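Visitor: Numbering (the working numbering), first residue to last: 1 to 283. Just so you know, even glycine gets a beta-carbon here, dropped at the ideal spot from N, CA and C. These figures come from a predicted structure and were not determined experimentally.
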DNA sequence: AGGCCTCCCTGCGCGC
DNA sequence: TGCGCGCAGGGAGGCC
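1) If you scan the region 119 to 173 from start to end, which runs of the beta strand (DSSP E) of 3 or more residues do you find wholly inside it?
2) Are three or more beta carbon pairs between the region 203 to 215 and the region 258 to 271 nearer than 8 angstroms?
3) Check residue 229 in the structure and name its three-state DSSP category.
4) For the alpha helix (DSSP H) that residue 41 lies in, which residues bound it at each end?
5) Pull up the CB-CB distance for residue 140 and residue 56, whole angstroms please, since I reckon it's below 8 angstroms.
6) Under a three-way DSSP split, which group does residue 110 fall into?
7) In or out: residue 238 buried (at least 16 other Cβ within 10 Å) or exposed?
8) Looking at the strands, I want to know which residues DSSP matches up with residue 6.
9) From which residue to which residue does the alpha helix (DSSP H) around residue 193 run?
10) Among 224, 214 and 156, which one has its Cα closest to the Cα of residue 286?
11) Run through DSSP, which three-state label would residue 224 get?
12) Nearest by alpha-carbon distance to residue 135: which of 83, 123 and 63 is it?
13) Quick check: the Cα distance between residue 61 and residue 227, rounded to an integer number of angstroms?
14) Alpha carbon to alpha carbon, what distance is there between residue 230 and residue 6?
15) Output needed for residue 123: all residues of its chain with C-beta closer than 8 angstroms, excluding positions within five of it in sequence on either side, in chain order.
16) Are residue 107 and residue 119 close, meaning C-beta to C-beta below 7 angstroms?
17) Quick one: what does DSSP say residue 260 is sitting in, helix, strand or coil?
18) Rounding to the nearest angstrom, what Cα-Cα distance links residue 90 and residue 83 in this structure?
19) Does the contact criterion of 3 or more C-beta pairs under 8 angstroms hold for the region 126 to 133 versus the region 144 to 159?
20) Rounded to the nearest angstrom, what separates residue 73 and residue 58 at their Cα positions?
21) If you drop the 5 nearest sequence neighbours on each side, which residues of the same chain put their C-beta closer than 7 angstroms to that of residue 26?
This is the structure we're talking about:
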């Protein structure tokens, strides 16, 4: 599920819950996530104080007080659920407000002050890593640019991509080139930029990249401001769900009229993922 | 090497 | 109603 805006929303929500807290107890469930749990995961977290939280690509990065870094990737269905002392749900932090299924809780942390943090993941495509802070750079070495980094230029993306025959949509979802853009925001950004998702990356001029990067940045920024997108069960919510799904122009809107020209939105498959677009507006 | 496909896992909605 | 199929926001590995 979570793309950059959702992970950013999670990090911002977790920050006040975790920062400065000591992890007093850790319970790890019997099932592995995408990868086996890190060696001695519970022991290595227990007693640690959380110093800071940040995001890199679609990963949550949690810095601990012993120069270890806990890295959490939420996969498709991973979610953190925070409970304040007394079991009251801590609102406002999470992109997926559908009722959590406790049978899919895989990790529970007790925090100083009486709070609790739970990791829940139905499909178990998420994963956790625990490493020395010094190894973080190497762990992220294959990741591409952060789309909201002010230092990122259209020229850099043009240079990386202007020989690629692959279609532009899978290119902007390739985390080795540009991070954080997933299936929803790729379709939305290409619609905003009026670029056909099937165009080859090598057909993109520098001017096209200027338009597309600006569109990606606009879509991601607005989605962060809305608290991300919440797709499932968002009718029965606690009022803290993400709100960007209401702004989707094309995603999951096949057959509905294009907001610009009224032509029905098309759906097609690219590299195994659904793409939504307007065949009239996007060229 | 680049690019595409399959698979990991569970749940849900749809059509028959 | 019940069942089987396809599909779901990610990404690694393998194949051509």
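Guide: This is what the structure gives:
1) 127 to 132
2) no
3) Counting from 1 along the first chain, the entry for residue 229 is found at position 229. Correct three-state label for residue 229: coil.
4) What you label residue 41 is simply residue 41 of the first chain in a count that begins at 1. Run containing residue 41: 41 to 45, per the alpha helix (DSSP H) assignment.
5) Taking the first chain and counting its residues from 1, one reaches residue 140 at position 140. Taking the first chain and counting its residues from 1, one reaches residue 56 at position 56. Yes, residue 140 and residue 56 are in contact; Cβ-Cβ is about 6 angstroms, under 8 angstroms.
6) As a working mapping, residue 110 is identified with position 110 in the first chain. Looking at residue 110 - three-state DSSP - the assignment turns out to be strand.
7) For this step, residue 238 is matched to residue 238 along the first chain. Reliability of the predicted coordinates at residue 238 is poor, the pLDDT of 39 falling under 50, and the value obtained from them is presented with this limitation in mind. So residue 238 ends up on the exposed side.
8) In the first chain, the residue the question calls residue 6 occupies position 6. In DSSP, residue 6 forms no bridge with anything.
9) Here the question's residue 193 lines up with position 193 in the first chain. Here the alpha helix (DSSP H) through residue 193 covers 183 to 193.
10) In the structure as shown, the chain begins at 1 and stops at 283. Residue 286 is therefore absent and cannot be evaluated.
11) Your numbering for residue 224 matches position 224 in the first chain. Three-state DSSP puts residue 224 in a helix.
12) Counting from one through the first chain, the residue named residue 135 turns up at place 135. For residue 135, the nearest C-alpha among the options comes from 63.
13) Within the first chain, numbered from 1, the residue matching residue 61 stands at position 61. Within the first chain, numbered from 1, the residue matching residue 227 stands at position 227. One C-alpha to the other measures close to 19 angstroms.
14) Taking the first chain and counting its residues from 1, the one referred to as residue 6 is at position 6. Taking the first chain and counting its residues from 1, the one referred to as residue 230 is at position 230. Residue 6 and residue 230: Cα-Cα distance of roughly 9 angstroms.
15) Translated into positions along the first chain, residue 123 becomes position 123. For residue 123, where only same-chain residues beyond five positions count, the Cβ hits under 8 angstroms are 75, 76 and 77.
16) For the purposes of this step, residue 107 is taken as the residue at position 107 of the first chain. For the purposes of this step, residue 119 is taken as the residue at position 119 of the first chain. Cβ atoms of residue 107 and residue 119: closer than 7 angstroms.
17) Residue numbering aside, residue 260 sits at position 260 when the first chain is read from its first letter. Coil at residue 260, not helix or strand.
18) In the first chain, residue 90 corresponds to position 90, counting from 1. In the first chain, residue 83 corresponds to position 83, counting from 1. Low per-residue confidence applies at residue 90: pLDDT is 49, beneath 50, and the placement is therefore not dependable, though the value from the model is reported in the following sentence. Rounded to the nearest angstrom, the two C-alpha atoms are 5 angstroms apart.
19) no
20) Taking the first residue of the first chain as position 1, residue 73 is located at position 73. Taking the first residue of the first chain as position 1, residue 58 is located at position 58. Answer to the nearest angstrom: the Cα atoms are 7 angstroms apart.
21) What you label residue 26 is simply residue 26 of the first chain in a count that begins at 1. Closer than 7 angstroms at the Cβ level, and outside the excluded window around residue 26, lie 42, 45, 46 and 109.
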